[in-house]
Amino acid sequence: MPDVPVAKPAGMVLLKIIAWTDRTRDMRRKDAIDIACLLSTYELIPEVSNALYDSKNTEIMETHGWDITQACAFLLSQHTAGDHQADQWGIESVES
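In our numbering, the protein residues as written are 13 to 108.
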């Protein structure tokens, strides 16, 4: 079975943000729903959630009250922004 290229979550968020800025106000709802879905489901990627529970990354979890959804949303925002802070925390980005 051939590999099918798919946009990574950070790329999808970035594209949705660009679409949001290009659309009229009445057309933005779908982009907002899609961004919210990506933020709330990023934790379902095993590499992301496992890395956050690693002992060297407790700072991220502590900062977000040990709420995995909030911590993963934060991490996705960092990956989307191209922030290399995730690398400093020793988290292997699934965006690489």
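Beta carbons are placed, not taken as given, at the ideal position from N, Cα and C, and that holds for glycine.
The Cβ-Cβ distance between Val-25 and Thr-92 falls below 9 Å. Under the DSSP assignment, His-91 falls in the alpha helix (DSSP H) whose first and last residues are 80-93.
Listed in chain order, the non-local C-beta contacts of Thr-81 below 7 Å within the same chain comprise Ser-52 and Glu-55, local neighbours out to five positions each way being set aside. Taking C-beta separations shorter than 6 Å and ignoring five residues to either side along the sequence, the partners of Asp-43 in its chain run Lys-28, Ala-31 and Trp-32, following chain order. Cβ contact annotation for Ala-83 (same chain, cutoff 7 Å, sequence separation greater than five): Leu-64, Ile-72, Met-73 and His-76, in chain order. By alpha-carbon distance to Phe-86, the top candidate from Asp-38, Leu-50, Arg-40 and Arg-41 is Leu-50. When rounded, the separation of the alpha-carbon atoms in Gln-90 and Pro-21 is 12 Å.
With fewer than 16 neighbouring CB atoms inside 10 Å of its own CB, Val-16 falls in the exposed class.
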